[in-house]
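Terminal number for the sequence shown in the working numbering: 258, no gaps in between.
What follows is a short report on a single structure.
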Amino acid sequence: MYATIKKQNGSTIAEFNRTIPHPIASVWRMLSVNEQLQKWFPQLEIEQLRPEGKIRFDFGNGSYEEMTILKVSEPSSLAFTWDTNIMRFELFGTADGQTALKLSEDVVEVTPHTPRDIAGWQTCLENIIAILDGYAVKPGPSENWDEFYQYYKNEFETLAEE
Numbered sequence: 097m098y099a100t101i102k103k104q105n106g107s108t109i110a111e112f113n114r115t116i117p118h119p120i121a122s123v124w125r126m127l128s129v130n131e132q133l134q135k136w137f138p139q140l141e142i143e144q145l146r147p148e149g150k151i152r153f154d155f156g157n158g159s160y161e162e163m164t165i166l167k168v169s170e171p172s173s174l175a176f177t178w179d180t181n182i183m184r185f186e187l188f189g190t191a192d193g194q195t196a197l198k199l200s201e202d203v204v205e206v207t208p209h210t211p212r213d214i215a216g217w218q219t220c221l222e223n224i225i226a227i228l229d230g231y232a233v234k235p236g237p238s239e240n241w242d243e244f245y246q247y248y249k250n251e252f253e254t255l256a257e258e
């Protein structure tokens, strides 16, 4: 299931919605505990899980980018900067013990790299679900990444034409 892409209030929003067949506490740990986070996004490390805390992105060449945590409300929301954009994970427990997850990125400026990022987030979501289901995942792009990238590249190009 692809993200919806729309223009809203001067920015572009990419939003994923998933139902994850696992309890909200398990999904929250995947987002907020480094040992779990690094299973699906090995370049990220949370330094302080609190507002104004930091998340480090390791470029693998000795350099890092620091992102600022904007909001933490365990076990339901996590928001942080992603360059000039804002990432939001929102979790809602369902009556049957599953988790409704909404991941959104508020994109301030669409660049040629934006479709790559959104394709990457789609891969991340698939990896989170696979890990929770008990499967091993390999770091890096998924087998479907090129398909995701082409889809989002077309979506962003179409949106720019409107």
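Positions of the beta carbon are idealized from the N, C-alpha and C atoms, including for glycine.
A quick note: this is a predicted structure, and the numbers were derived from the prediction, not measured.
So, at 8 Å on beta carbons, what are the nonlocal neighbours of residue i in its own chain, with the 5 sequence-adjacent residues on each side left out?
| i | result |
| --- | --- |
| E205 | T180 |
| G156 | Q139 |
| L221 | F112, R114, L197, L199 |
Can you have a look at residue i and say buried or exposed, based on whether 16 or more other CB atoms are within 10 angstroms of its CB?
| i | result |
| --- | --- |
| S200 | buried |
| Q104 | exposed |
Mind reading off the beta-carbon distance from residue i to residue j? Whole number of angstroms is fine, and I expect it under 8 Å.
| i | j | result |
| --- | --- | --- |
| D213 | I109 | With 8 Å as the limit, D213 and I109 do not qualify as a contact, their Cβ atoms being about 13 Å apart. |
| Y245 | A196 | Incorrect: roughly 26 Å between the Cβ atoms, too far for contact. |
| Q134 | L140 | 7 Å |
Under three-state DSSP, which class holds residue i?
| i | result |
| --- | --- |
| K198 | strand |
| R212 | helix |
| S128 | helix |
Checking 8 Å against the spacing of the C-beta atoms, do residue i and residue j come in under that value?
| i | j | result |
| --- | --- | --- |
| W124 | L187 | yes |
| S238 | T219 | yes |
| V168 | R184 | no |
| L228 | I101 | no |
In chain order, what residues of the same chain have a beta carbon less than 6 Å from the beta carbon of residue i, not counting five sequence neighbours either side?
| i | result |
| --- | --- |
| M126 | Q132, I224 |
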